[in-house]
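Per this note's numbering, numbering through the sequence shown is continuous, rising by one, with the last residue being 312.
Read the structure below first, then the notes.
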Amino acid sequence: MTYKDLYLQKNRGYFVGNARYEIIKQIPNNKHNKVLELGCGDGATLLELKKINKASFVAGIDIMDFQQDNCLDKFTLADIEVIDDLPFPKEYFDVIICADVLEHLKDPWEATKKVVWYLKKDGIFIASIPNIREIKTLYDLIINNDFKYVEAGILDKTHLRFFCKKNMIDLFNSSDLKIKNILRIPNTLSKKRILLNFISFGLFREFFVTQYLIIGIKK
Numbered sequence: 094m095t096y097k098d099l100y101l102q103k104n105r106g107y108f109v110g111n112a113r114y115e116i117i118k119q120i121p122n123n124k125h126n127k128v129l130e131l132g133c134g135d136g137a138t139l140l141e142l143k144k145i146n147k148a149s150f151v152a153g154i155d156i157m158d159f160q161q162d163n164c165l166d167k168f169t170l171a172d173i174e175v176i177d178d179l180p181f182p183k184e185y186f187d188v189i190i191c192a193d194v195l196e197h198l199k200d201p202w203e204a205t206k207k208v209v210w211y212l213k214k215d216g217i218f219i220a221s222i223p224n225i226r227e228i229k230t231l232y233d234l235i236i237n238n239d240f241k242y243v244e245a246g247i248l249d250k251t252h253l254r255f256f257c258k259k260n261m262i263d264l265f266n267s268s269d270l271k272i273k274n275i276l277r278i279p280n281t282l283s284k285k286r287i288l289l290n291f292i293s294f295g296l297f298r299e300f301f302v303t304q305y306l307i308i309g310i311k312k
């Protein structure tokens, strides 16, 4: 079984119909934005950006084709780690999105450097990355002696790399990106977790994060 076969086993809903509104909120209100998304699925996030006039040109890259009616301005069927060059000039894009993509790559550090080449100076690079320090994941590992891969989530069976917040920051820093903001997902806590966070003087806060949304600016 190939790595791509693992993807083909996933439910179609994993790839389509999921516009990432928490990412859309981080993109400046500029109808002239050119936006590239790695792992774009059916392009739901990109199409929403055009719909609300936050982009004039949207392009996507994915290893599988879920496009309908050629809805994106440009779609490239490719593996970002294999393809030598993308069909765009240097510093073409204002925004590049990697939503739940980097953890699926063999070498996310080199892949990030590769795509940042196509980002304008002061352009925005947005990535969402699962947090391996999430409390349930750690509990299963430490208490239950269980590192069980699942269909979706932090231990998704198609994940090749795992990150803590510090490693995510290091990845951005090594790719000529200056961190602008880091957001937690989820950003709200249950009453029980609020109490735990309070009595630990904030020490537990990072254990309640499923993934981080990191916004960087190209230097």
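Using N, Cα and C, we set each Cβ at its ideal position, and we do this for glycine too.
Check, Outcome
"Using the C-alpha atoms, what's the distance from S268 back to N237?", "37 Å"
"Thinking C-beta only, is I222 closer than 7 Å to Y305?", "yes"
"Between the Cα of N92 and those of H197, G136, F300 and K144, spot the shortest distance and give me the residue it belongs to.", "An answer regarding residue 92 cannot be provided, because it is not within the stretch 94 to 312 covered by the chain."
"What three-state label does DSSP hand P201 in the structure shown?", "helix"
"N136 and Q160 look like a contact to me (Cβ under 8 Å); what is the Cβ gap, rounded to whole Å?", "Here the sequence assigns Gly to residue 136, which means Asn is not the residue at that position. 7 Å between Cβ atoms; contact."
"What are the residues that DSSP puts in a beta bridge with T169?", "I154"
"Quick one: is L131 buried, meaning 16 or more other Cβ sit within 10 Å of its Cβ, or exposed?", "buried"
"Report the rounded CA-to-CA distance for L231 versus H125, giving the unit in angstroms.", "43 Å"
"Let me know if K284 comes out buried or exposed under the rule of 16 or more other beta-carbons within 10 Å of its beta-carbon.", "exposed"
"Please tell me whether D187 and G216 are closer than 7 Å, where the distance is taken between their beta carbons.", "yes"
"Helix, strand or coil for R113, going by three-state DSSP, please let me know.", "coil"
"Under the assumption that I307 contacts F265 (Cβ atoms under 8 Å), give the Cβ distance between them as a whole number of angstroms.", "6 Å"
"Helix, strand or coil: how does DSSP classify I58 here?", "The structure shown does not extend to residue 58, since the chain is modelled only from 94 to 312, so the question has no answer here."
"How many angstroms separate the CA atom of E174 from the CA atom of V194?", "12 Å"
"Helix, strand or coil, according to DSSP, for F75 in the structure here?", "This structure cannot speak to residue 75, because the chain is shown only from 94 to 312."
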